Amino acid sequence: MSNIFITGGTGFLGSDLICEILNSSSNHIYALVRARNITHARRKLFNILEKLSQPRGLNRAARKRIHVYKGDITRKNLDLKRNDLNKLVKTIDVIFHSAASTNLKSPLKKIRRINVNGTKRVLDFALLCQRKGRLKKVYHISTVYVAGTKICTFKEKDLNIRQGFNNPYERSKFEAEQLIHRYRKRGIDISIFRPSIMLGRYKDGISTRFKMLYQPLHFLSFELIDTLPVIKEGKPNLINVDIAAKTIMLISQMNHRKNKTYHITSPDALPLSYVLGMASKFFGFKNPRLAPPNSIDMNKDYTPVKRKIIEPYLPYFNYLTKFDMKNTLDQIKKTNFVFPQLNKKNLYRLFKYCDEVGFIKKKRKNVVEK
Ligand SMILES: NC(=O)c1ccc[n+]([C@@H]2O[C@H](COP(=O)([O-])OP(=O)(O)OC[C@H]3O[C@@H](n4cnc5c(N)ncnc54)[C@H](OP(=O)(O)O)[C@@H]3O)[C@@H](O)[C@H]2O)c1
29 MSNIFITGGT
39 GFLGSDLICE
49 ILNSSSNHIY
59 ALVRARNITH
69 ARRKLFNILE
79 KLSQPRGLNR
89 AARKRIHVYK
99 GDITRKNLDL
109 KRNDLNKLVK
119 TIDVIFHSAA
129 STNLKSPLKK
139 IRRINVNGTK
149 RVLDFALLCQ
159 RKGRLKKVYH
169 ISTVYVAGTK
179 ICTFKEKDLN
189 IRQGFNNPYE
199 RSKFEAEQLI
209 HRYRKRGIDI
219 SIFRPSIMLG
229 RYKDGISTRF
239 KMLYQPLHFL
249 SFELIDTLPV
259 IKEGKPNLIN
269 VDIAAKTIML
279 ISQMNHRKNK
289 TYHITSPDAL
299 PLSYVLGMAS
309 KFFGFKNPRL
319 APPNSIDMNK
329 DYTPVKRKII
339 EPYLPYFNYL
349 TKFDMKNTLD
359 QIKKTNFVFP
369 QLNKKNLYRL
379 FKYCDEVGFI
389 KKKRKNVVEK
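If you're matching positions, the sequence shown starts at 29 in the numbering used here and goes up one per residue.
See below:
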């Protein structure tokens, strides 16, 4: 039995990671939650975990294995109370650092505070745990988009490939990984998981946060955009959040390799045209035409509002870089886990959930569902 400290447990990935830990082990979870007070922290976390545990809900035994701490990764000692800090550094065996700002529009200074300085605070906490306690391993959640604007086959061992960045988010995650390299030299064993774009759960379509692909789909459903500047070959790499969490847990449970990086991506990325085609058919909105980016003048053909909404996502729609996932596949082949395909059935499950909760509503009642 291990004691696992997790940041970002109320987030899209972190909440599913907690569910995976609860379901696949007898480990205890020590969750750092950003909140006004401890009651608020507990409510925030348990509300999400309850939602993800339907229809049965979280049982009492599982609840007993979750210990909630109010804290903030941007503050010294994660803003933990002195007594809690002293207890935690002696207790924690493993750290999962999943807290981050994932806002693609955030300015660099603001996002660095959370993604770089926040990571530094978590790593300083890890150093304390290692010196005073029994810490064995840190897992840092990064993103494959540290590859930035470079078109290549991006390997798990790669980091600095003289890339540019599409936004401050990518740059901040890259800088956080550079920091990891410095802390590895100080003796902490830190492995990195780099997911691609995460969507709702494979098993039931549930999504606790509607980000990335969900946002542009929501906007496109209003039929205000006829043409998207997207190349035919553009393939956003998409993965269900529960599959990402499962893969991360499987690797962390069996793996004793030190300081490794794993790409948590789909082995087969789907063309954007396919995903858009499925979405427009399901929700009943007009499928936008895809046109080569150099044939569209964004200043002329798009209003400033449309541009502001759609532009942050265009680099991911036009993505050509391939992600090598050898380290991940080498580990996964030792298990009986098979990556499920992101096919029509899987996508429709995700869309159905959007319709049910009203995030994107179906336009016509008679649109296909099977
Ligand atoms: N979502 C994706 O498609 C995607 C793709 C690739 C990689 N990733 C990476 O995966 C990780 C998890 O992403 P996600 O999608 O789960 O993000 P998310 O849904 O935005 O959740 C972020 C989590 O971090 C917490 N957090 C933010 N600032 C904090 C602070 N100062 N102190 C303590 N906690 C703080 C948030 O708490 P609150 O509840 O208080 O907001 C939330 O729990 C990130 O490292 C991200 O870069 C995500």
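Even glycine gets a Cβ: it sits at the ideal position worked out from N, Cα and C. It should be emphasised that the depicted structure is a prediction, and the values quoted were computed from it without experimental measurement.
Can you tell me the Cα-Cα spacing of residue i and residue j, whole angstroms?
| i | j | result |
| --- | --- | --- |
| residue 369 | residue 296 | 8 angstroms |
| residue 300 | residue 338 | 14 angstroms |
| residue 12 | residue 263 | The structure shown does not extend to residue 12, since the chain is modelled only from 29 to 398, so the question has no answer here. |
| residue 358 | residue 182 | 17 angstroms |
| residue 80 | residue 234 | 8 angstroms |
| residue 289 | residue 160 | 26 angstroms |
| residue 394 | residue 309 | Its pLDDT being 49, under 50, residue 394 is placed unreliably in this model, and the coordinates cannot settle the point. |
| residue 273 | residue 42 | 8 angstroms |
| residue 36 | residue 293 | 20 angstroms |
| residue 377 | residue 77 | 20 angstroms |
| residue 27 | residue 350 | What the structure shows of the chain is the stretch from 29 to 398, and residue 27 is not part of that stretch, so it cannot be assessed. |
| residue 102 | residue 136 | 15 angstroms |
| residue 112 | residue 92 | 18 angstroms |
| residue 287 | residue 212 | 7 angstroms |
| residue 356 | residue 327 | 42 angstroms |
| residue 56 | residue 154 | 17 angstroms |
| residue 59 | residue 229 | 22 angstroms |
| residue 33 | residue 124 | 6 angstroms |
| residue 240 | residue 133 | 12 angstroms |
| residue 226 | residue 275 | 13 angstroms |
Any heavy atom of ligand 1 closer than 7 angstroms to the beta-carbon of residue i?
| i | result |
| --- | --- |
| residue 127 | yes |
| residue 239 | yes |
| residue 321 | no |
| residue 225 | yes |
| residue 62 | yes |
| residue 101 | yes |
| residue 14 | Examination of residue 14 is not possible in this model, given that the chain is present from 29 through 398 alone. |
| residue 171 | yes |
| residue 67 | no |
| residue 207 | no |
| residue 151 | no |
| residue 46 | no |
| residue 228 | no |
| residue 342 | no |
| residue 201 | yes |
Given residue i, which residues of its chain have a CB within under 8 angstroms of its CB, disregarding the five upstream and five downstream residues?
| i | result |
| --- | --- |
| residue 389 | 249, 311 and 383 |
| residue 139 | 129, 131, 196, 197 and 200 |
| residue 203 | 140, 143 and 144 |
Opposite residue i in the DSSP bridges: which residues?
| i | result |
| --- | --- |
| residue 33 | 58 and 123 |
| residue 150 | None; residue 150 has no bridge partner. |
| residue 225 | 266 |
| residue 219 | 167 |
| residue 98 | 61 |
| residue 291 | 222 |
| residue 181 | 350 |
| residue 319 | 257 |
CB-CB under 7 angstroms to residue i, same chain, minus the five flanking residues each way: which ones, in chain order?
| i | result |
| --- | --- |
| residue 313 | 248, 249, 251 and 391 |
| residue 324 | 255 and 257 |
| residue 381 | 228, 233, 234 and 235 |
| residue 244 | 338 and 341 |
Which residue from the options puts its Cα closest to that of residue i?
| i | options | result |
| --- | --- | --- |
| residue 303 | 325, 291, 266 and 275 | 266 |
| residue 375 | 347, 219, 268 and 277 | 268 |
| residue 280 | 75, 201, 214 and 220 | 220 |
| residue 73 | 55, 84, 54 and 47 | 47 |
| residue 177 | 373, 110, 348 and 387 | 348 |
| residue 82 | 236, 345 and 346 | 236 |
| residue 167 | 189, 191, 209 and 190 | 209 |
| residue 253 | 316, 364, 114 and 75 | 316 |
| residue 146 | 107, 119, 115 and 134 | 107 |
| residue 367 | 346, 194, 278 and 329 | 278 |
| residue 222 | 180, 126, 151 and 115 | 126 |
I'd like the list of long-range same chain contacts for residue i, defined as Cβ closer than 6 angstroms, with 5 residues on each side in sequence excluded.
| i | result |
| --- | --- |
| residue 165 | 122 and 217 |
| residue 117 | 156, 157, 160 and 161 |
| residue 285 | none |
| residue 173 | 198 |
| residue 66 | 98 |
| residue 335 | 326 |
How about residue i: is its C-beta nearer than 8 angstroms to some C-beta of chain B?
| i | result |
| --- | --- |
| residue 172 | Here there is only one protein chain, and chain B is not present. |
Just checking residue i against ligand 3 - is the residue's beta carbon closer than 7 angstroms to any of the ligand's heavy atoms?
| i | result |
| --- | --- |
| residue 361 | As for ligand 3, it is missing from this structure, which binds only ligand 1. |
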